[in-house]
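Below is one structure, written out as structure tokens; comments come after it.
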Amino acid sequence: MTPRSALFLVSLALWSSGTTVAMADPRAVIRGEMDGELRRQIERAVGEVDGPPSNRFEARRRAQAAAELAEALLRSEGYYQPTLEDAVEGDETPVAVVSVVPGPRFLLTQPTITWAAPAPDTTTDGLIQQQIGLKPGDPGRAVDVIAAEGRIVAGLSTYGYADAVAQPRRVVVDHATFTVQPEFRINSGPLVLMDGVRLETRGRTNPDWVTYLIPWEVGDRYDPEQVAELERRLLETGVYDGVGVALAPADQTDEDGHRPVIVTLTDRPRRILDAGVTFSTAEGSGVEFIWTQHNRFGRADTLRYEARLANIDSRLGVDLSLPHWRRPGRTLKLTTALVHEDTDAYRRSALVGAADLQQRLGRTSYFSYGVGLDAGHYTENRFDPLTQLPVTFDRDLVIGTVRGSAYMDRSNDALNPTTGWRLTVSAQPTAVAGEDTVLFLRAESQLTAYLPVEDEARTVLAGRVRVGTIIGGEELTVPSDRLFYSGGGGSVRGYEYQGVGPRLPDNTPRGGLSLFEASAEVRRDLGNNFGAVVFVDAGAIGFQETPDFGNLRYGVGAGVRYNLPFGPIRADVAFPLDKREGDADFQIYISIGQAF
Numbered sequence: 001m002t003p004r005s006a007l008f009l010v011s012l013a014l015w016s017s018g019t020t021v022a023m024a025d026p027r028a029v030i031r032g033e034m035d036g037e038l039r040r041q042i043e044r045a046v047g048e049v050d051g052p053p054s055n056r057f058e059a060r061r062r063a064q065a066a067a068e069l070a071e072a073l074l075r076s077e078g079y080y081q082p083t084l085e086d087a088v089e090g091d092e093t094p095v096a097v098v099s100v101v102p103g104p105r106f107l108l109t110q111p112t113i114t115w116a117a118p119a120p121d122t123t124t125d126g127l128i129q130q131q132i133g134l135k136p137g138d139p140g141r142a143v144d145v146i147a148a149e150g151r152i153v154a155g156l157s158t159y160g161y162a163d164a165v166a167q168p169r170r171v172v173v174d175h176a177t178f179t180v181q182p183e184f185r186i187n188s189g190p191l192v193l194m195d196g197v198r199l200e201t202r203g204r205t206n207p208d209w210v211t212y213l214i215p216w217e218v219g220d221r222y223d224p225e226q227v228a229e230l231e232r233r234l235l236e237t238g239v240y241d242g243v244g245v246a247l248a249p250a251d252q253t254d255e256d257g258h259r260p261v262i263v264t265l266t267d268r269p270r271r272i273l274d275a276g277v278t279f280s281t282a283e284g285s286g287v288e289f290i291w292t293q294h295n296r297f298g299r300a301d302t303l304r305y306e307a308r309l310a311n312i313d314s315r316l317g318v319d320l321s322l323p324h325w326r327r328p329g330r331t332l333k334l335t336t337a338l339v340h341e342d343t344d345a346y347r348r349s350a351l352v353g354a355a356d357l358q359q360r361l362g363r364t365s366y367f368s369y370g371v372g373l374d375a376g377h378y379t380e381n382r383f384d385p386l387t388q389l390p391v392t393f394d395r396d397l398v399i400g401t402v403r404g405s406a407y408m409d410r411s412n413d414a415l416n417p418t419t420g421w422r423l424t425v426s427a428q429p430t431a432v433a434g435e436d437t438v439l440f441l442r443a444e445s446q447l448t449a450y451l452p453v454e455d456e457a458r459t460v461l462a463g464r465v466r467v468g469t470i471i472g473g474e475e476l477t478v479p480s481d482r483l484f485y486s487g488g489g490g491s492v493r494g495y496e497y498q499g500v501g502p503r504l505p506d507n508t509p510r511g512g513l514s515l516f517e518a519s520a521e522v523r524r525d526l527g528n529n530f531g532a533v534v535f536v537d538a539g540a541i542g543f544q545e546t547p548d549f550g551n552l553r554y555g556v557g558a559g560v561r562y563n564l565p566f567g568p569i570r571a572d573v574a575f576p577l578d579k580r581e582g583d584a585d586f587q588i589y590i591s592i593g594q595a596f
């Protein structure tokens, strides 16, 4: 069986398994003159049963229940004078029937708000009146009236009235004029002014550091978004199992009218030892130990020691993360390590160090900048364009890098997005000294997008494009670990690590000065936490500054997903098209989260 025929069979199984045949019967047949949307709403409200009634008594009971459900739906949609008649038709095969005459649809009049003492200030009153969202002449739907009441209370909280509550509303349904007049009765409570924070835990976190994180000034009006921002700032540190941030009860208001915010923190274990074993058909095996210390300095810091022995990337290192360093939302990351990389294209043994600052923008986006310094020994397998022969040479190099990147996330989920997009861009001006001297700029960007094509996002189209370029360097002078490679689970599936792109005569991968990758997936939710995917990936490595589309290589495949509360577990099998000598027949990938 060829890879194409295997993919066709998998695709056919995917789409056939995503289709189910409904065997249920409606509880009752709905009859009457009405628009199609109202009929569908009534039929959904009436619901379905497992099979037809066994006798006329059961059919009568179903018809009566269906009539009650239909009437409740009609009233909630503003039809307060419906005429409904339940009946049973047929003797040997009885059928429950409900005849419906909706009657006129009642319309809203101008809604009013009655404030319980104390009332909010006039400015807030005016703003709330604008946010009710109900207009005279709109259908008198119950759900719209209830939603408007919720907007009033939420708006009051936004404007500083944290204790606002809704009292029983009064809704007058006038059968003579076919109108619905809602009257909202709201107790706004007093205006709340914010104080500092009170840390109610016995952990290692310094209370002064938590106070430094608050996004408001003492005396500001209460703003739930600012309270939520403090909670986000504490959660993003990653050192707490639980974070609680809430306004203190009203009886804790001081004589100036200020009320504190109470913070409770549940610390993660201070010391954690992680050990793991990895195996991949594309990247080999390895063993790793990580010793992590949380909150060592009382400011939600993370100190991590790592030891990893693997076929491709072994290292012994330490890194320190200091969240909210000198300003909220900014994280200082310090890293140093001894690394040894052994790939098909090169071997590297080096001492590396880096310092980076990452600044959060909004809730999910950020930009970062920093410096890195590497000093090490390189053994590189290259292609000499002058002699047209492969060469192997050793170099001792010192590499200094200034680097900057930005990440924008407008998707709806970190591990299983169904709509939106993400954009990553990075630039690394680099200076190389030692046995060679060269200056170059390495730049890269990636865009992913997600488009649901059915209601409830059961089918999602996902796409990815990645491009990269090195400006100012040459293939022989740029260090091998800074060149572009492609192939593997995170790039072009179906090929081994570094398996896409031209090769030396002995099948050693050649790194390039430019990169192009693209992927397209169709993701289908099959129900019961299962999903399936079919995909095609493409990639090319070029030896000029601009991407080379003349040597594109393609991989196709399919996979399954099992959705857990934190995200999907994925398993993919991919096949290289037009495979070359040295390419495996297929590759298997298992990990957490979607491929992109």
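Residue 596, in full-length UniProt numbering, is where the sequence shown stops; the numbers in between run on with no holes.
Built from N, CA and C at the ideal position, the CB exists for glycine as well.
Looking at the secondary structure, which residues open and close the alpha helix (DSSP H) in which R56 lies?
56-76
Decide if A176 is buried, meaning its Cβ has at least 16 other Cβ atoms within 10 Å, or exposed.
exposed
Where Q181 falls: helix, strand or coil (DSSP):
strand
Excluding the 5 residues flanking M34 on each side, which residues of the same chain have their C-beta closer than 6 angstroms to its C-beta?
P102
From F586 to P576, what does the alpha carbon distance come to, in whole angstroms?
7 angstroms
Would you identify the three-state DSSP class for E456, choosing helix, strand or coil?
helix
Three-state secondary structure (DSSP) at I290?
strand
In whole angstroms, what is the alpha-carbon distance linking G550 and G512?
14 angstroms
Quick one: residues in its chain with C-beta nearer than 6 angstroms to the C-beta of G400, no 5 flanking neighbours on either side, listed in chain order?
L373, A431
W209, enclosing alpha helix (DSSP H) - first and last residue
207-212
Stretch-stretch touch, CB-based, cutoff 8 angstroms, three pairs: the stretch 472-484 with the stretch 564-575:
no
Between A595 and the rest of its own chain, which residues show a CB-CB distance below 6 angstroms, the 5 nearest in sequence each way excluded?
none
Secondary structure of Q81, DSSP reduced to three states:
coil
What ranges does the beta strand (DSSP E) occupy inside the stretch 280-355, keeping only unbroken runs of at least 3 residues that lie completely in it?
284-294, 302-310, 313-322, 330-342
Indicate whether V145 and P182 have their beta-carbon atoms separated by less than 9 angstroms.
yes
Per the contact definition of three or more C-beta pairs closer than 8 angstroms, is the stretch 541-561 in contact with the stretch 504-521?
yes
In this structure, how does DSSP classify A248 when only helix, strand and coil are distinguished?
coil
Please classify D384: does DSSP put it in a helix, a strand, or coil?
strand
Of the choices V536, D138, I132, T302, whose alpha-carbon is the least far from that of A147?
I132
When the distance is taken between beta carbons, is S519 closer than 9 angstroms to G499?
no
My output table needs one value for I132: the three-state DSSP class, helix, strand or coil.
coil
Inter-residue Cα distance where the pair is G539 and F484:
11 angstroms
At the level of alpha carbons, what is the spacing between G317 and L338?
6 angstroms
Cβ pair D163, G189 closer than 9 angstroms
yes
For E77, count neighbouring C-beta atoms within 10 Å of its own C-beta (all shown protein chains included) and say buried if the count is 16 or more, exposed if not.
buried
Any idea what DSSP makes of G542, helix, strand or coil?
strand
So is E435 buried or exposed if we call it buried at 16+ other beta carbons inside 10 Å?
exposed
With a threshold of 16 other CB atoms inside 10 Å of the CB of T123, please say whether the residue is buried or exposed.
exposed
For a quick check, are the C-beta atoms of R458 and Q446 less than 9 angstroms apart?
no
What's the C-alpha gap between D537 and Y495?
10 angstroms
Buried or exposed (CB count within 10 angstroms, at least 16 for buried), L108
buried
Taking contact to mean 3 or more Cβ pairs, one atom from each stretch, closer than 8 angstroms, check whether the stretch 258-266 and the stretch 224-241 are in contact.
yes
Per DSSP, what are the beta-bridge partners of W115 in this structure?
I186
Give the straight-line distance between the Cα atoms of R327 and R363, rounded to the nearest whole angstrom.
16 angstroms
Q41 by DSSP, collapsed to three states: which one?
helix
Alpha carbon to alpha carbon, what distance is there between F289 and K579?
37 angstroms
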